[in-house]
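A.B. asks:
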Amino acid sequence: MEQPKRDATERKLVIKSFKVAPKIPSNFLETTWNGRLLHALNAIHDEKPCEESYERLYRAVEDVVVGNFGNELYEKLRQCLEARTEAVAKELKEKCLQGGSFHHGSSFKKTSGNSAGGLSAFSSEEEQFLKFFVDDVWETRVKQMMLIRSLFLYLDRTTATVFTKNASLGASSDAAADSAKEGGREMATGTNDPTSPLDDDERRRRSGTDAVTTTTTTPGSRESSNKESSFKLPLWELSVQQFQKQMDANADVLRKAASGCLRLIEREREGEKIDRTLVKRFTTAMETLKRYGGGSNKSFSSSSFPSAVASGQRNSKKRSAEEEEEEEEGTMMMVDDNKQQQLTPKSPPPLLVFNFERLFLENTARFYAKESDKRFGITKKSASECADYLKHCQTRLNEETLDRAESYLQPQTKLVLTKTVEKALIQDKKLEIIDSSDEMLADSAKVEDLKRLYSLLSRVPDGLKLLRDQFTKRLKFVGQKTVQDEAADCVDVLLRMKSSVDDIVVNAFENQRQFSEGAKVAFEMFINTSKNNRIAELIAKFMDEKLKKGNKTSLSTEKDLDEQLNKAVALFRFIQGKDVFEAFYKKDLAKRLLFSKSASIDAERLVVGKLRSECGANFTTRLEGMFKDVDVSRDTVRNYRNNATNNTAASVGGETKADVDMNASVAEGVDEDKSKRTRKKSTSIITKEEGGGEALEPLPPKPPMTNRETFSVNILTAGFWPSAAKLDVVLPPELQSLRDDFESYYLEQHNNGRRLAWQHSTSTCVLKVKFASGTKELAVSLAQAVIILAFNENDDDTNDDEQQHKQFTYKELKEKTNIPDVELKRTLQSLYGGKYRVLLKTPMSKDIDEAKDAFKFNFNLQEKLVRLKISAIQSSTQASGKKRGAGGENGGDHPTTMEEDENEAVRESVRADRFHQIDAMIVRILKTRKKLPHPELINEVVAKLQFPVNNQDLKKRIESLIDREYVERDKDDRDVYHYVA
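Under the UniProt record's numbering, the first residue of the sequence shown carries the number 1, and numbering increases by one thereafter.
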């Protein structure tokens, strides 16, 4: 080459290539294949050492591909692998048909025994065959293919076509492929093969093809070979496909291996310990072969054999549009002369494709169906047996989903396995489970079992609906049984039941609305179907007892009282006939306010506030008016006591062994006339036409000073308070003077036309009497006090002995007191026939003979107590046919208290009030609508009334309105009613 001169013009240096490329021998492919590569393949398959190093073999493959013999080499390798695969399949078939013990063949790796240390030995031929298949066949083939792929990695990367978008080989195959790729890279970086006919520069110049795209050839260079080739699978996929085809053609092999695997799993379910790694390797092999299940990951098989995938697809799971799109994109595309041509995958084999997952799920369903029949047959089980079965179901589900599915099954099996176990253990037995769990559905002590029951039934269709229906049915049964027991006060039982049900709904049923609604329906049903609204009465009485006995000691009892009242109000919500509750609660509230029996005025106000929150202000208007009346009465009495001078009542004359102290006071007070031996205590109630007010604290007792200081009156608005029976009685002079004095004072203060009506039937007194055994205080009604004071009258011509033996006939007592016969007989019976016999009757008998009986005071009464409360009672004849109290000494034959009479009067008042409301509602509706058919009128009345009513009562009220000419029937249609203006 001529050297340029320093001062000459600059020239470019041009390097030219060789004019003639090195010639590749025509027999280069055959020589390399037969002389080197085939020997290496045979050695690998026979598990013998190779004569050449793996690096030189890798370079030989690279030289063949660079020399444009890639397609021919790929075909030779494919045929070699296919022949070896057919040999393996043939031997597997022979082993499968042979049975008995399995010995490793010349082509397979020798394994060590049939059982792992500490594990159960393989007890069946199928299990032995499984181990042979996995260890001697599959694992050996995987290792061989990884080595072969490493040697032919250059061919795999340049000639084979990766036509599936998301190729996935399973966990073990991915790892093996990665390691093979890494091994190929290491071999590719070694020194050149000195025997190669091409030097490094030429090899690099000719290897200009992309490793991941389809190789192209120059025009005229093996064009026929390229035309004959369609698409070429990567070597690993090729190997898997070949083995897959052979297994499909010899389905008995996979079936027998799968049987061994299923038997191992079944033995583990029965409590034995097995080799889990063996099962895991088998399921991984099935996943790699795309014979695990329809949900396997996509690879070349999902494109090459679409029908095979479809046959294994689970019916319950639809393929998404994204999956179908990916599958469509997985179809191979090849480039030829800048023109895209879509190649159609090969048709699937006509055989049914083996599906291990389907076999596994069928075997699982049979196993658990048999187990559920054995442990929980068709006959009803006890609650404890049901609880044990639920625990077993939970354990089995945990074993399958949290242990077995995670340990050796493929991830896609977990969901369908869970559904299979749920169906066999729960869904197919859900009716029997619910039926057997009936007894524990209302038992809060079984919350954990109920929580488990809820959790399991929530897994199956309609499970929670059936559980809710059974829960509601059970509550109705228990509730009806409770309210039908008239011998006991069932409110405490219902409160405990309500608390238990709330605990179950919150803690066991996750506070689901459907269960709380079911509990509400049940409570409303059995509470409102009780006879004569009994539950409403009992709740009112329960509150009365709590408010009388409540919270005088400590803060803890105050909290307990508030908690008890909240529970009672919660029970009150279920009552439809709230007017019954209001009537009884008002009756008891009146007694607590008037007789200072309330434990806490704050608690009284709290309850009224709760009722107002539940039912509105209209419901509590009269109750709040009662508080206001008592409050106004307290101010009135205070002003009366402070007014001017005392008006001393006439004293009781005469001498007697009984020292009687009489006082008129609602809040306790004492009156003492120091100049006389007789003291008196009483309570009076006055009603007026107007008034109102809020709660009242009882008046503190005042020291005995004057009659005004000891006389107390409540002025009550008639519309707010429960009505009382009218009692006209002749008062003793000292009481009459006090009454006249207060009436004059009150009318003088209120000169607006108000009228006072004295209610002596609710007045009370406390008499202090000297008996032979000592001084006693008698807490009595006004009628009882008037009768006792009649024996205190002392005539001038009688001595003490005559006074003690003084007696009156029935007619004489009636003339002195002016008490009606019914009330007089009842009052006398309470004095001579009750627990404390203050009077003695002659002759002794249970009933009163108006013509013959005489009464005298019992000065020899022997009682240890100082204060004696004498309750007013009704005679046994008056009590016939009614529920008797427990106050008598002789059981049912003894006179009972008058409480039942009061309750019956309240019920009658409620019925009368309801009739008035029904009449008003019918007239109001017809006045608006002018005329209505009978069904429409009934429906509209029932919808607008705030208490339950039956059609028979409505029909009677309509007839009553027709008789009173408020309503008339249509002349042409008697089922149509008209309003009469």
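Positions of the beta carbon are idealized from the N, C-alpha and C atoms, including for glycine.
(1) Determine the DSSP secondary structure at Gly753, reduced to helix, strand or coil.
(2) Within 10 angstroms of the Cβ of Glu287, are there 16 or more other Cβ atoms? Answer buried if so, exposed if not.
(3) With DSSP as the reference, please indicate the residues paired to Gln807 in a beta bridge.
(4) Asp588: which of Asp631, Thr621, Val569 and Ile539 sits nearest, CA to CA?
(5) Look at the Cβ atom of Ala424, then the Cβ atom of Lys414, and state whether they are nearer than 7 Å.
(6) Once you ignore the five residues that flank Lys841 on each side, which residues in its own chain have a CB closer than 7 Å to its CB?
(7) In the DSSP output, what is Leu824 paired with across the bridge?
(8) For Gln79, does the count of other Cβ atoms within 10 angstroms reach 16, so buried, or fall short, so exposed?
(9) Identify which residue in Lys770, Phe947, Val942 and Ala508 has its Cα closest to the Cα of Glu863.
(10) Quick one, which of Thr379, Lys131, Arg837 and Asn34 has its alpha-carbon nearest Leu262's?
(11) Can you tell me whether Ser107 is helix, strand or coil according to DSSP?
(12) Relative to the alpha-carbon of Arg914, which residue among Val729, Asp462, Thr420 and Pro948 has its alpha-carbon at the smallest distance?
(13) Ala790 to Leu813, Cα distance in whole Å?
(14) According to DSSP, Ala779 sits in a beta bridge with which residue or residues?
(15) Please state the DSSP three-state secondary structure of Lys931.
(16) Which class does Gly577 belong to by DSSP, given the choice of helix, strand or coil?
(17) On the CB-based measure, 16 or more other CB atoms within 10 Å of its CB, does Met145 come out buried or exposed?
(18) Taking the alpha carbon of Ile870 as the reference point, which residue from Val941, Ala785 and Pro933 has its own alpha carbon closest?
(19) So for Arg358, helix, strand or coil by DSSP?
(20) How many angstroms separate the CA atom of Ala40 from the CA atom of Trp138?
(21) With distances taken between CB atoms, is the gap from Thr364 to Thr420 smaller than 7 Å?
(22) Given a cut-off of 7 Å, decide if Lys381 and Ser436 are closer than it, judged by their beta-carbon atoms.
(23) Which word fits Lys232, buried or exposed, when buried means at least 16 other C-beta atoms lie within 10 angstroms of its C-beta?
(24) Taking its Cβ as the centre, do 16 or more other Cβ atoms sit within 10 Å of His916, making it buried, or is it exposed?
(25) For the 8 Å Cβ check, are there 3 or more pairs between the segment 816-834 and the segment 734-741?
(26) Quick one: which unbroken alpha helix (DSSP H) runs of 4-plus residues sit fully inside the segment 385-431? Chain order, please.
(27) For Val240, is the classification buried or exposed, using 16 other Cβ atoms within 10 angstroms of its Cβ as the cut-off for buried?
(28) Using alpha carbons as the reference points, say which of Leu464, Val491, Phe477 and Lys481 lies closest to Arg513.
(29) With 16 other CB atoms within 10 Å as the buried threshold, where does Arg924 fall?
(30) Opposite Arg969 in the DSSP bridges: which residues?
(31) Looking only at its chain, what residues have a beta carbon closer than 6 Å to the beta carbon of Thr32, apart from the 5 residues adjacent to it on each side?
(32) Give me whichever residues DSSP pairs with Lys841 in a beta bridge.
(33) Just reading off the alpha helix (DSSP H) that Gln128 is part of, what are its end residues?
(34) Which runs of the alpha helix (DSSP H), 4 residues or longer, sit entirely within the segment 466-519?
(35) When you compare each of Lys591, Leu606, Asp602 and Leu731 to Ala568 by their alpha carbons, which one comes out closest?
(36) Is the Cβ of Ser384 closer than 7 Å to any Cβ of chain D?
C.D. replies: To lay it out plainly:
(1) Three-state result, Gly753: coil.
(2) Around the Cβ of Glu287, a 10 Å sphere holds 16 or more other Cβ atoms; the residue is buried.
(3) BP columns for Gln807 point to Lys856.
(4) Cα-wise, what sits closest to Asp588 is Ile539.
(5) For Ala424 and Lys414, no; Cβs fall outside 7 Å.
(6) For Lys841, where only same-chain residues beyond five positions count, the Cβ hits under 7 Å are Tyr832, Asp853 and Phe855.
(7) For Leu824, which the question treats as bridged, DSSP gives no partner whatsoever.
(8) Counting Cβ neighbours within 10 Å, Gln79 comes out exposed, since fewer than 16 surround it.
(9) The shortest C-alpha separation from Glu863 is found at Lys770.
(10) Checked all of Thr379, Lys131, Arg837 and Asn34; the closest Cα to Leu262 is Lys131.
(11) Here Ser107 scores only 40 on pLDDT, less than 50, and its place in the model should not be relied on; the value that follows carries that caveat. Looking at Ser107 - three-state DSSP - the assignment turns out to be coil, as it is neither helix nor strand.
(12) Looking at Val729, Asp462, Thr420 and Pro948, the one whose alpha-carbon comes closest to that of Arg914 is Pro948.
(13) The alpha-carbon of Ala790 is positioned some 8 Å away from that of Leu813.
(14) Its beta-bridge partners are Val766 and Lys869.
(15) In the three-state reduction of the DSSP assignment, Lys931 falls in the strand class, which pools E and B.
(16) For Gly577, the three-state secondary structure derived from DSSP is coil.
(17) Counting Cβ neighbours within 10 Å, Met145 comes out buried, since at least 16 surround it.
(18) Ala785 is the residue among Val941, Ala785 and Pro933 whose C-alpha sits nearest the C-alpha of Ile870.
(19) When DSSP states are grouped into helix, strand and coil, Arg358 belongs to the helix group.
(20) Distance between the alpha carbons of Ala40 and Trp138: 20 Å.
(21) Thr420 is positioned such that its CB atom lies closer than 7 Å to that of Thr364.
(22) Cβ distance < 7 Å, so Ser436 and Lys381 count as in contact.
(23) Classification for Lys232: buried.
(24) Exposed, since its Cβ has fewer than 16 Cβ neighbours within 10 Å.
(25) Short answer: they don't touch.
(26) The DSSP assignment places 405-408 and 413-425 as complete runs of the alpha helix (DSSP H) inside the segment 385-431, in order along the chain (cut-off: 4 residues).
(27) It is buried - the Cβ of Val240 has at least 16 other Cβ atoms within 10 Å.
(28) Closest by alpha carbon: Leu464.
(29) Label assigned to Arg924: exposed.
(30) DSSP output for Arg969 lists Tyr977 as bridge partner(s).
(31) Taken in chain order, the residues that qualify are Ala60 and Val64.
(32) Residue pairing of Lys841 in beta bridges, as defined by DSSP: Phe855.
(33) Counting along the chain, the alpha helix (DSSP H) containing Gln128 begins and ends at Glu125 to Lys131.
(34) Within the segment 466-519, the complete alpha helix (DSSP H) runs of at least 4 residues fall at 491-503.
(35) Residue Leu606 is the option with its Cα nearest to Ala568.
(36) Going by chain labels, chain D is absent from the structure shown, which holds only one protein chain.
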